[in-house]
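Shown next, in structure tokens, is the structure this report addresses.
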Amino acid sequence: GAVVSQHPSWVICKSGTSVKIECRSLDFQATTMFWYRQFPKQSLMLMATSNEGSKATYEQGVEKDKFLINHASLTLSTLTVTSAHPEDSSFYICSAQGWGGTEAFFGQGTRLTVV
Amino acid sequence: DAKTTQPPSMDCAEGRAANLPCNHSTISGNEYVYWYRQIHSQGPQYIIHGLKNNETNEMASLIITEDRKSSTLILPHATLRDTAVYYCIVRVVNQGGKLIFGQGTELSVKP
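So the protein lines, in turn, are chains Y and P.
The opening residue of the first sequence carries number 903 in our numbering; numbering runs sequentially from there.
The opening residue of the second sequence carries number 425 in our numbering; numbering runs sequentially from there.
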């Protein structure tokens, strides 16, 4: 299957700082990307959907000013957690789908710990 | 998006077939059935998807009932490495068709 790479795999940051997570499609052009977060022993929760060149569509209850999503190219999307707090500590996962594709492929996830 | 219902957990003996059921009684005509699995602390892995016909690939088989209200994922010869949470999802396949995850089935393959 196609390869989606996330970076970093894990990050520890201080409360109040911002953290950027990158999601890259390595062998296809991702016209749509999805961002999820997952708390321990829970399922994945969709945060937002982004189409290349357009503003992201956020799910209800997700603060768009806190979780900034940029999908400026067909191979890269970024999620920036601004002014992170301990409750933002979670596993963040991206998924990418190409034009006309029927499968969405997932990155390996980023473990964020805010201290 | 249509919702799915899966048993929270299942056990399977190594080498035997694992049959994971999923109910999606409110599925729409243009929604596909997808299966993903997630091994602990990793991103989900695509397994298979289908619309109305049964599908098979190198990983698994997908059996969809004629009325499309339920499906079964079959792992023909389960191994210990198949221990994971399996998610059944229905979605529209077009730009912006969301992948909404339910609680999934935690499959434990035992020696």
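Positions of the beta carbon are idealized from the N, C-alpha and C atoms, including for glycine.
A quick note: this is a predicted structure, and the numbers were derived from the prediction, not measured.
CB contact check: residue i to chain Y, cutoff 8 Å
i	result
residue 547 of chain P	With chain P represented from 425 up to 535, any question about residue 547 of chain P goes unanswered, as that position is not in the structure.
residue 517 of chain P	yes
residue 522 of chain P	yes
residue 526 of chain P	yes
residue 453 of chain P	no
residue 439 of chain P	no
residue 467 of chain P	yes
Cβ distance (whole Å) where residue i is taken to contact residue j below 8 Å
i	j	result
residue 980 of chain Y	residue 924 of chain Y	5 Å
residue 461 of chain P	residue 509 of chain P	7 Å
residue 435 of chain P	residue 522 of chain P	With a Cβ gap of about 31 Å, residue 435 of chain P and residue 522 of chain P do not count as contacting.
Status (buried if at least 16 other CB within 10 Å, exposed otherwise) for residue i
i	result
residue 1006 of chain Y	buried
residue 914 of chain Y	exposed
residue 962 of chain Y	exposed
residue 437 of chain P	exposed
residue 433 of chain P	exposed
residue 529 of chain P	buried
residue 1015 of chain Y	exposed
residue 952 of chain Y	buried
residue 886 of chain Y	The requested residue 886 of chain Y does not occur in the structure, where chain Y is confined to residues 903 to 1017.
residue 905 of chain Y	exposed
residue 448 of chain P	buried
Neighbour flag for residue i against chain P, beta carbons, 8 Å
i	result
residue 955 of chain Y	no
residue 1095 of chain Y	There is no way to answer for residue 1095 of chain Y, as the model of chain Y reaches only from 903 to 1017.
residue 1010 of chain Y	yes
residue 928 of chain Y	no
residue 936 of chain Y	yes
residue 948 of chain Y	yes
residue 920 of chain Y	no
residue 951 of chain Y	yes
residue 945 of chain Y	yes
Unbroken beta strand (DSSP E) run spanning residue i, endpoints
i	result
residue 498 of chain P	494-499
residue 979 of chain Y	978-983
residue 435 of chain P	433-437
residue 924 of chain Y	921-927
residue 856 of chain Y	An answer regarding residue 856 of chain Y cannot be provided, because it is not within the stretch 903 to 1017 covered by chain Y.
Exercise. Does the region 929-947 of chain Y come close enough to the region 995-1002 of chain Y to have 3 or more Cβ pairs within less than 8 Å?
Worked result: As far as the Cβ criterion goes, the region 929-947 of chain Y touches the region 995-1002 of chain Y, which means the pair count is three or higher.
Exercise. Are at least three pairs of beta-carbons, each pair with one atom in the region 1007-1015 of chain Y and one in the region 460-467 of chain P, less than 8 Å apart?
Worked result: yes
Exercise. For the 8 Å Cβ check, are there 3 or more pairs between the region 931-951 of chain Y and the region 984-993 of chain Y?
Worked result: Judged by Cβ distances under 8 Å, the region 931-951 of chain Y makes contact with the region 984-993 of chain Y, as three or more pairs qualify.
For this session: Please determine if the region 962-976 of chain Y and the region 497-510 of chain P are in contact, where contact requires at least 3 C-beta pairs separated by less than 8 Å.
Result: no
Exercise. When the Cβ atoms of the region 442-461 of chain P are set against those of the region 470-480 of chain P, are three or more pairs found closer than 8 Å?
Worked result: yes
For this session: Can you give me, in chain order, the residues of the region 979-997 of chain Y that have a beta carbon less than 9 Å from any beta carbon in chain B?
Result: You won't find chain B in this structure, because its protein chains are Y and P.
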